[in-house]
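Position 225 (the sequence shown) corresponds to 225 in full-length UniProt numbering; numbering is contiguous.
Read through the structure below, which is laid out as structure tokens, and then see the notes.
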Amino acid sequence: MLLLSQRKLQDHVSRCSNYEFEDAIARLNDIDWILPEHSYDFSLKIYGLIKRYLRSSRLADTLKPDPNPIRLSKNYPLFFAYFQHPLDILTLNSIKGWRKQCKKAICYLEEIWLKDIPVFQPFLKLLHDFDCIFLGVRDSLAEVERITKRPCTYLPAGIDAVKFCPYPNPPSRCIDVLNMGRRSPMTHNILLQAFEQEKIFYFYDTAKSFSVYNPQEHRTLLSQTIARSRYFIVNRAKVNEPSHIGEQSEFGPRFFEGAAAGAVMLGDYPENETFKHYFDWSDAVIRMPFHTEDILDAIARLDTQPERLAKIRRENIINSLLKHDWVYRWETILNAAELDETPKMEQRKAQLQQLAEFVANDLNSCA
Numbered sequence: 001m002l003l004l005s006q007r008k009l010q011d012h013v014s015r016c017s018n019y020e021f022e023d024a025i026a027r028l029n030d031i032d033w034i035l036p037e038h039s040y041d042f043s044l045k046i047y048g049l050i051k052r053y054l055r056s057s058r059l060a061d062t063l064k065p066d067p068n069p070i071r072l073s074k075n076y077p078l079f080f081a082y083f084q085h086p087l088d089i090l091t092l093n094s095i096k097g098w099r100k101q102c103k104k105a106i107c108y109l110e111e112i113w114l115k116d117i118p119v120f121q122p123f124l125k126l127l128h129d130f131d132c133i134f135l136g137v138r139d140s141l142a143e144v145e146r147i148t149k150r151p152c153t154y155l156p157a158g159i160d161a162v163k164f165c166p167y168p169n170p171p172s173r174c175i176d177v178l179n180m181g182r183r184s185p186m187t188h189n190i191l192l193q194a195f196e197q198e199k200i201f202y203f204y205d206t207a208k209s210f211s212v213y214n215p216q217e218h219r220t221l222l223s224q225t226i227a228r229s230r231y232f233i234v235n236r237a238k239v240n241e242p243s244h245i246g247e248q249s250e251f252g253p254r255f256f257e258g259a260a261a262g263a264v265m266l267g268d269y270p271e272n273e274t275f276k277h278y279f280d281w282s283d284a285v286i287r288m289p290f291h292t293e294d295i296l297d298a299i300a301r302l303d304t305q306p307e308r309l310a311k312i313r314r315e316n317i318i319n320s321l322l323k324h325d326w327v328y329r330w331e332t333i334l335n336a337a338e339l340d341e342t343p344k345m346e347q348r349k350a351q352l353q354q355l356a357e358f359v360a361n362d363l364n365s366c367a
């Protein structure tokens, strides 16, 4: 199989989950990588200038320089490409004649908001050679399918459920509240004040939009941090940008990370059937408004219910192991390509089942 990755071009922290999925695919299958190395910034600039003056997206796409020309030396049963952002699609043009040498072709586009589709329509049209497209945003399916004229299917994020699982040797949950990424200033300030008064141990980001040295090491740190956290704040995607997302209500990797590590998740989640389908167990997330002054009281009330908390942690871990590991997402993609799962995939599922049974049978689990 052939896999196109952006990992040598993009090192933003938000990409680490993408690369974890790609690493999982590589462990489960025999993979040849395509790894463009040189930036497409200049190419994009030239594309924009040509399009502006000649008013032709097709001509601009033909005339722009290619920093990473690639030619395939053999045929493949499947070509898979992961695009986090529509601009990533530009890397596709560097692979000369790829469609003729790949029997099946599937891509995953993690994020494309309805409001942005008119801007990125020329890039979306480049996906017309794929057999099918998976999207990480539910409400954009119809528009992307209309533009690409290819079948589009929703597929949410996943998780390395073994890496994030606290078992078989769960650490002490010494962090009271973990709050990462987008956050409410109101909620953060209340938690920060309690932290400064030494009432709680509050773990939060002190940097915004940063790069990582090593994605695998970052995922290890993240998994171990959540496994040591009692409460984990999670919210809908771009919850702090209502003017951008409009009526869209999507959810991203945070929910899968928190559940897999057995944290009690607090936050604002989508009120739709899609979210309920993937988090269909009781108390998967305890609803809490994005902006709330009640955070400390809500935690205090939950702390009086230790049996409920233990059940939440246990159910989050078990359901993650049985439903949300990357092997299940990859299985969905292989089914769409009409390809069989590999022996390594069967072994992975067996490992997940055994670990889930261990957690379920542990009398002290998640206490």
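For each residue, glycine too, the CB sits at the ideal point set by N, CA and C.
Around the C-beta of residue i, are 16 or more other C-beta atoms found within 10 angstroms, so that it is buried, or is it exposed?
i	result
Q305	exposed
A81	buried
F42	exposed
V119	exposed
Q6	buried
Y213	exposed
G48	exposed
A259	buried
N68	buried
D88	buried
D338	Note that residue 338 is Glu in the sequence shown here, rather than Asp. Exposed, since its Cβ has fewer than 16 Cβ neighbours within 10 Å.
K64	buried
L28	buried
N319	buried
R313	buried
Could you pull the DSSP bridge partners for residue i from this structure?
i	result
N179	Y204, I233
G83	Checking the sequence, you will find Phe at residue 83 rather than Gly. L109, per the DSSP bridge assignment.
Y278	Y278 pairs with nothing; no bridge assigned.
L4	I34, A81
T153	F134
L266	I233, I286
H188	Answer is none; H188 lacks a bridge partner.
Y76	C102
H12	S211
I95	I70
I159	D325
What is the C-beta distance between residue i and residue j, in whole angstroms, given that I count them as a contact (C-beta under 8 Å)?
i	j	result
I175	R150	Not confirmed; about 44 Å, so no contact.
L78	L126	Actually they are not in contact, since the Cβ atoms of L78 and L126 sit about 19 Å apart, beyond 8 Å.
L9	I34	The Cβ separation is near 11 Å, so there is no contact.
R99	D66	The pair is not a contact, with the Cβ atoms about 17 Å apart (cut-off 8 Å).
F290	F251	Going by Cβ atoms, the distance from F290 to F251 rounds to 13 Å, so no, they are not a contact pair.
P253	S17	5 Å
L309	V264	6 Å
D131	K104	5 Å
P168	R228	Rounded, the Cβ-Cβ distance is 16 Å, inconsistent with contact.
V162	Q354	Not quite, the Cβ-Cβ distance comes to about 10 Å (not below 8 Å), so this is no contact.
L124	T148	6 Å
E247	W281	Not confirmed; about 27 Å, so no contact.
S211	D23	No, S211 and D23 are not in contact; Cβ-Cβ is about 18 Å, not under 8 Å.
V177	I233	7 Å
R219	E346	That belief does not hold up - the Cβ atoms of R219 and E346 are roughly 24 Å apart, past 8 Å.
**OP:** Tell me the start and end of each unbroken alpha helix (DSSP H) in the stretch 294-354 that is at least 4 residues and wholly inside, in chain order.
**Re:** As for any alpha helix (DSSP H) of minimum length 4 sitting wholly inside the stretch 294-354, the runs are 295-303, 306-319, 326-336, ordered along the chain.
Original post:
What runs of the alpha helix (DSSP H), each 4 residues or longer, lie entirely inside the stretch 17-66?
Top reply: Secondary structure within the stretch 17-66: the alpha helix (DSSP H) runs of 4 or more consecutive residues, fully enclosed, are 41-54, 57-63 (chain order).
Original post:
Below 8 Å, can you find three or more Cβ-Cβ pairs linking the stretch 152-164 to the stretch 321-340?
Top reply: In this structure the stretch 152-164 lies against the stretch 321-340, because at least three pairs of beta carbons, one per stretch, are closer than 8 Å.
Original post:
Do the stretch 178-186 and the stretch 48-67 meet, that is, are 3 or more Cβ pairs less than 8 Å apart?
Top reply: The stretch 178-186 is not in contact with the stretch 48-67.
Subject >> Inter-stretch contact at 8 Å, needing at least 3 Cβ pairs: the stretch 242-256 / the stretch 297-304 >> reply: The stretch 297-304 and the stretch 242-256 do not touch, with fewer than three beta-carbon pairs separated by less than 8 Å.
Subject >> Sufficient close CB pairs (3 or more, under 8 Å) joining the stretch 103-112 to the stretch 134-146 >> reply: The stretch 103-112 vs the stretch 134-146: in contact.
Subject >> Given 8 Å, three or more beta-carbon pairs between the stretch 140-150 and the stretch 197-210 >> reply: Verdict: no, contact absent.
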